[in-house]
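Okay, structure first, notes after.
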Amino acid sequence: DAGVIQSPRHEVTEMGQEVTLRCKPISGHDYLFWYRQTMMRGLELLIYFNNNVPIDDSGMPEDRFSAKMPNASFSTLKIQPSEPRDSAVYFCASTLTGPYGYTFGSGTRLTVV
Amino acid sequence: AQSVTQLDSHVSVSEGTPVLLRCNYSSSYSPSLFWYVQHPNKGLQLLLKYTSAATLVKGINGFEAEFKKSETSFHLTKPSAHMSDAAEYFCVVSEGGSSNTGKLIFGQGTTLQVKP
């Protein structure tokens, strides 16, 4: 199993541009999570899906952020327009129903200049 | 509501000496607890998990943790530190309890430094 795959690994963009982060969960996993990690705030849960349906998006910071999961093998996190304060490492994770813990991807390091 | 408190933001040990990373949790019901490790510029890796079975949980790379309900603690230990153990460690509780999937609530992390 290739694990949770995120792309790109690094993204540098200018303020105001649209940014799209991608995630492929482990095949068969029915939960998918998006986290953001910064030095100041640590790990924050942004949104999670169960069977492709968004369950809790209360962590999404503002309307500039949106996430979709069109099928069981793909999810995107979009920021439009991006701002310097969005600079962070964004992690995707997936798991099966039950107390198994998550498998995390390697993350996308986003820098907005 | 569930929460975790990692009692030390930074721990420094010498190679070959024991490691103790402390974690206290708060949970409304029987919790699922996890330890994750994050090496520099890497993703998070699951070290071990407790889900209401044996209270002493063994994980990867020689780490183990003991669930103590009376103390609401889940401290991580390793008998002998290795240089490769230097990393950030996160104690985590699941909102779903011991039998369900739920949001993971992360502690603030403990940086482990291992000196030669």
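The listed protein sequences derive, respectively, from chains H and Y.
Be aware that the first sequence starts at 1, since it is given in the working numbering, and climbs by one per residue.
Be aware that the second sequence starts at 1001, since it is given in the working numbering, and climbs by one per residue.
Positions of the beta carbon are idealized from the N, C-alpha and C atoms, including for glycine.
In this structure the stretch 99–110 of chain H touches the stretch 9–26 of chain H; the number of beta carbon pairs closer than 8 Å is three or more. Beta-bridge pairing by DSSP links residue 56/H to 48/H. At a cut-off of 8 Å between beta-carbon atoms, residue 28/H makes no contact with chain Y. Of all alpha-carbon atoms in 1010/Y, 1061/Y, 1041/Y and 1095/Y, the one lying nearest the alpha-carbon of residue 1104/Y is that of 1095/Y. Nearest neighbour of residue 1110/Y by Cα position, chosen from 86/H, 100/H and 42/H, turns out to be 42/H. Chain-order list of chain H residues neighbouring residue 1094/Y: 99 and 101, by C-beta distance under 9 Å.
Neighbours of residue 48/H in chain Y, taken as residues at a C-beta separation under 8 Å, are given in chain order as 1103.
Counted as a single uninterrupted DSSP element, the beta strand (DSSP E) harbouring residue 35/H occupies residues 31–38. Across the stretch 13–28 of chain H, no CB contact with chain Y closer than 7 Å is found for any residue.
Residue 97/H places its beta carbon less than 8 Å from that of residue 31/H. Residue 1003/Y and residue 74/H have their alpha carbons spaced roughly 30 Å apart.
When Cβ-Cβ separations below 8 Å define contact, residue 91/H makes contact with chain Y. Looking from the CA of residue 92/H, the closest CA among 1068/Y, 1026/Y and 1042/Y belongs to 1042/Y.
In the DSSP annotation of this structure, the continuous segment of the beta strand (DSSP E) that includes residue 12/H starts and ends at 10–13.
One finds 99 in chain H with Cβ atoms closer than 7 Å to the Cβ of residue 1051/Y, taken in chain order. By the 16-neighbour rule on beta-carbons within 10 angstroms, residue 103/H is buried. The continuous beta strand (DSSP E) containing residue 1105/Y extends over residues 1104–1106.
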